[in-house]
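Peer 1: Protein chains in written order, with this note's numbering: chain A, 1 to 110; chain B, 111 to 226.
All C-beta atoms in this analysis are idealised placements derived from N, C-alpha and C, irrespective of residue type, glycine included.
(1) By DSSP's criteria, residue 207 of chain B is part of a beta bridge. Which residues make up the other side?
(2) What span of residues does the beta strand (DSSP E) with residue 37 of chain A cover, start to end?
(3) Look at the Cβ atom of residue 186 of chain B, then the Cβ atom of residue 134 of chain B, and state whether they are nearer than 7 Å.
(4) Unbroken beta strand (DSSP E) runs of length 3 or more, entirely within the segment 38-109 of chain A: which are they?
(5) Going by CA-CA distance only, name the one from B:190, B:148, B:118, B:123 that's closest to residue 99 of chain A.
(6) In angstroms, rounded to a whole number, what distance separates the CA positions of residue 7 of chain A and residue 142 of chain B?
(7) Exposed or buried, what is residue 31 of chain A when buried is set at 16 or more other beta-carbons lying within 10 Å of its beta-carbon?
(8) Mind pulling the chain A residues with CB within less than 8 Å of residue 214 of chain B?
(9) Might you give, ordered along the chain, the residues of its own chain that have their beta carbon closer than 8 Å to the beta carbon of residue 131 of chain B, omitting 5 neighbours on each side?
(10) Just how far apart, CA to CA, sit residue 208 of chain B and residue 140 of chain B?
(11) Can you pull the chain B neighbours of residue 102 of chain A, defined as C-beta to C-beta under 7 Å?
(12) With DSSP collapsed to three states, give me the class of residue 162 of chain B.
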């Protein structure tokens with residue numbers, strides 16, 4: 001099946017720094033989303049981005065489907081950005097499946 | 111945006127008992143719903159995919175008889191953990207999408223299960 005790897009696995013930043021999170025997937029996908037999981041476990045949908053580029057405030061994302069990767073950019077990071085970031089991809093393998101990447105754990109220091 | 115609810119948000123049960131978790135799409139009809147399990151400091155693992163009115167498709171390694179999934183209507187799917195054991199303690203999350211492969215996925219807030 002498709003493998004979804006995220007890098008880096010862990011990231012520590014000072015407040016105000018910028019960062020880039022990467023999501024690589026091993027085969028063609030129909031869908032891709034980025035999520036931030038808060039300390040209570042809830043998944044916050046950041047971007048639905050199967051291709052192209054989107055921006056929302058300090059966050060932006062780019063997916064290059066032909067090269068099988070997506071990037072999440074966080075600018076001017078804040079302590080509230082801390083948490084785990086997941087990408088997830090949807091694809092058809094017999095039935096439609098939707099699986100998560102390995103995650104990036106981000107800690108922003110004040 | 112579309113809303114998916116889960117009930118209960120947390121549950122504690124004794125070993126050997128069964129627990130049912132509900133997943134509802136509140137403002138859209140979900141042709142497909144998904145169930146995930148997440149252990150501490152790990153990613154979410156897909157357990158099964160359910161389509162309304164048909165049997166669920168389970169991922170390899172997931173026990174069908176232990177994790178019973180029913181997708182009785184276009185707005186409701188249930189996961190029943192039968193004869194629960196402490197190793198079934200985990201965070202269970204459902205998701206739903208309103209249409210085909212190119213639709214965004216919406217996630218419930220999760221259910222934390224503790225088996226004593």
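Peer 2: Considering the structure as presented:
(1) Position 97 of the second chain holds residue 207 of chain B. Answer is B:142.
(2) As a first step, residue 37 of chain A must be located in the first chain, where it is residue number 37. That run of the beta strand (DSSP E) goes 31-37.
(3) The count along the second chain starts at 1 and reaches residue 186 of chain B at position 76. The count along the second chain starts at 1 and reaches residue 134 of chain B at position 24. Taking 7 Å as the cut-off, the beta carbon of residue 186 of chain B is found closer than this to the beta carbon of residue 134 of chain B.
(4) Counting only runs that start and end inside the segment 38-109 of chain A, the beta strand (DSSP E) elements of at least 3 residues fall at 43-48, 52-56, 59-64, 69-74, 83-93, 95-100, 104-109.
(5) The count along the first chain starts at 1 and reaches residue 99 of chain A at position 99. It is B:148.
(6) Position 7 of the first chain, counted from the start, is the residue given in the question as residue 7 of chain A. Position 32 of the second chain, counted from the start, is the residue given in the question as residue 142 of chain B. Approximately 30 Å, taken between the alpha carbons.
(7) Translated into positions along the first chain, residue 31 of chain A becomes position 31. That one is buried.
(8) Position 104 of the second chain, counted from the first residue, corresponds to residue 214 of chain B. Under the 8 Å cutoff, chain A gives 31, 33, 45, 48.
(9) For the purposes of this step, residue 131 of chain B is identified with residue 21 of the second chain, where counting begins at 1. Closer than 8 Å at the Cβ level, and outside the excluded window around residue 131 of chain B, lie 116, 117, 118, 121, 188, 189, 190, 191, 202, 204, 221, 223.
(10) Counting from one through the second chain, the residue named residue 208 of chain B turns up at place 98. Counting from one through the second chain, the residue named residue 140 of chain B turns up at place 30. Their Cα atoms are separated by approximately 5 Å.
(11) Counted from its first residue, the first chain places residue 102 of chain A at position 102. Neighbours of residue 102 of chain A on chain B, chain order: 153.
(12) Position 52 of the second chain, counted from the start, is the residue given in the question as residue 162 of chain B. Coil, per DSSP.
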